[in-house]
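Visitor:
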Amino acid sequence: MFLLVAVLNSDAHVRKVLEGFTAIDVGGATVIDSRGMGQMLAADIPIVAGIARLLGGSPVQESSRTIFSVISNTEALERAKKVVLDAVGDMTQKGVGIMFVVPVAEAYGLIEPEPLPSDIP
Numbered sequence: 089m090f091l092l093v094a095v096l097n098s099d100a101h102v103r104k105v106l107e108g109f110t111a112i113d114v115g116g117a118t119v120i121d122s123r124g125m126g127q128m129l130a131a132d133i134p135i136v137a138g139i140a141r142l143l144g145g146s147p148v149q150e151s152s153r154t155i156f157s158v159i160s161n162t163e164a165l166e167r168a169k170k171v172v173l174d175a176v177g178d179m180t181q182k183g184v185g186i187m188f189v190v191p192v193a194e195a196y197g198l199i200e201p202e203p204l205p206s207d208i209p
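In this note's numbering, the protein residues as written are 89 to 209.
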């Protein structure tokens, strides 16, 4: 099992990811509002955001969304990662977000999804 975490700075990207997860039968994702370090500093110390803009930086996003999903197998994980990358485009661009995967040793309360028609032998 794996925990896929995607922190995205665009609500449109989040919606695309969730719709994509539904299409590939990755269910049970959790979405929370989140704020990064830059977002917190800009809110607490507005001059930080002003200096960043003066130095040619982009304005700091007000918030982001973090998607968590425990995924049972490697094949489903690969499909889920593709959904995220297809939804956001080039994740190496500043301000898009990040995605990472963590192995999960144990999980409780999960319901196994029905196999997709292509998964049935």
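Note that the Cβ used here is the ideal one computed from N, Cα and C, for glycine as well.
The structure presented is a predicted model; accordingly, all values stated were derived computationally and were not measured.
Suppose the cutoff is 7 Å on Cβ atoms and the five residues either side in sequence are ignored; what does the same chain contact list for F188 look like?
Guide: So the qualifying residues of the chain are V93.
Visitor: Please report the straight-line C-alpha distance between P154 and E107, rounded to a whole angstrom.
Guide: Note on identity: in this sequence residue 154 is Thr, with Pro being the wrong assignment. Approximately 15 Å between the Cα atoms of the pair.
Visitor: Thinking C-alpha only, which one of V95, S160, I120 is nearest K182?
Guide: The candidate whose alpha carbon is nearest that of K182 is V95.
Visitor: Quick one: what does DSSP say D121 is sitting in, helix, strand or coil?
Guide: If DSSP states are grouped into helix, strand and coil, D121 belongs with the strands.
Visitor: Taking the alpha-carbon of F109 as reference, which of V171, F156, D99 has the nearest alpha-carbon?
Guide: F109 has its Cα closest to that of V171, out of V171, F156, D99.
Visitor: To the nearest angstrom, how far is it from the Cα of R123 to the Cα of G185?
Guide: Going by the C-alpha atoms only, they are around 11 Å apart.
Visitor: If you draw a straight line from the C-alpha of D178 to the C-alpha of N97, how long is it?
Guide: Taking the straight line joining both Cα atoms gives about 13 Å.
Visitor: Can the beta-carbon of G116 be found less than 8 Å from the beta-carbon of V158?
Guide: Yes, the pair counts as a contact, with Cβ atoms nearer than the cut-off.
Visitor: Report the three-state DSSP secondary structure of T110 (helix, strand or coil).
Guide: In the structure shown, T110 sits in a helix (DSSP, three-state: H, G or I).
Visitor: Report back the beta-carbon spacing between A195 and V105 to the nearest angstrom; my notes put them in contact at under 8 Å.
Guide: Their Cβ separation, rounded to whole angstroms, is 21 Å, which puts A195 and V105 out of contact at 8 Å.
Visitor: DSSP on V184, reduced to helix/strand/coil?
Guide: DSSP places V184 in coil when its eight states are reduced to three.
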